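Comments concern the structure below.
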Amino acid sequence: MKICELYSPGSLHDLLVENIHPLFINNRTHLLVKVASERKIEYAYLGRAKSGVDEDGDVRVIFYKSVDDTGKLFKLVEPDVSDVMFENLLQIIPPPRVVKRRRRIFYEFHQPIKVFEKKSK
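In this text, residue positions in the sequence shown follow my numbering: the first is 226, and each later residue adds one.
The structure is reproduced here in structure tokens:
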């Protein structure tokens, strides 16, 4: 099932259920973001806004990568920053708890985040 069948970004459903509204997006807001591949596969990634919604309807987002199968533990991928259209924001996610393990920093979310990430080779 495609993500677009489950969500209709920018619809009244988002405004009422998912609380997606430009006024709710600012620096450090955690988001579930739809990203389409060249092969038209729609992925869902966890990201954090680095800006509010600009006049063109874009948000600068830095992305996370899941580190286990629970959907709760993620690491920030510093160089993975992109401008995302507001229409591709699926959901606002409550902020995580910062977890330090040895010299690494992870982000743990209270509820599992339903990401659909491209598999690494």
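Positions of the beta carbon are idealized from the N, C-alpha and C atoms, including for glycine.
All values derive from a computational prediction rather than experimental measurement.
### Cβ-based neighbour list, residue 309, same chain, cut-off 7 Å, excluding 5 preceding and 5 following
Mapped onto the sequence shown, residue 309 falls at position 84. Apart from the 5 residues on each side of it in sequence, residue 309 sits with its Cβ closer than 7 Å to the Cβ of 258, 283, 284 and 286 in its chain, given in chain order.
### Task
Note down, in chain order, each residue of its chain lying with its Cβ closer than 7 Å to the Cβ of residue 323, except the 5 sequence neighbours on either side.
Here residue 323 is taken as the residue at index 98 of the sequence shown, counted from 1. Close CB contacts of residue 323 within its chain, under the 7 Å cut and outside five residues either way in sequence, are with 330 and 332 (chain order).
### Query
Excluding sequence positions up to five away, which residues of its chain have a Cβ less than 7 Å from the Cβ of residue 168?
No answer is possible for residue 168: the residues shown for the chain start at 226 and end at 346.
### Query
Sorted by chain position, which residues of the same chain lie with C-beta nearer than 6 Å to residue 298's C-beta, five sequence neighbours on each side aside?
The residue you call residue 298 lines up with position 73 of the sequence shown. If we look at residue 298 and ignore the five residues flanking it on each side, its Cβ neighbours are 292, 331 and 333.
### Message
Could you tell me the alpha carbon to alpha carbon distance between residue 301 and residue 249, rounded to whole angstroms?
### Response
Translated into the one-based positions of the sequence shown, residue 301 becomes position 76. Translated into the one-based positions of the sequence shown, residue 249 becomes position 24. When rounded, the distance between both Cα atoms is 22 Å.
### Query
In whole angstroms, what separates the C-alpha of residue 341 from that of residue 295?
Here residue 341 corresponds to residue number 116 of the sequence shown, with the count starting at 1. Here residue 295 corresponds to residue number 70 of the sequence shown, with the count starting at 1. Distance between residue 341 and residue 295, taken at the CA atoms: about 13 Å.
### Query
How about residue 271 and residue 317: do their beta carbons lie closer than 8 Å?
Position 46 of the sequence shown, counted from the start, is the residue given in the question as residue 271. Position 92 of the sequence shown, counted from the start, is the residue given in the question as residue 317. Going by C-beta atoms, residue 271 is not nearer than 8 Å to residue 317.
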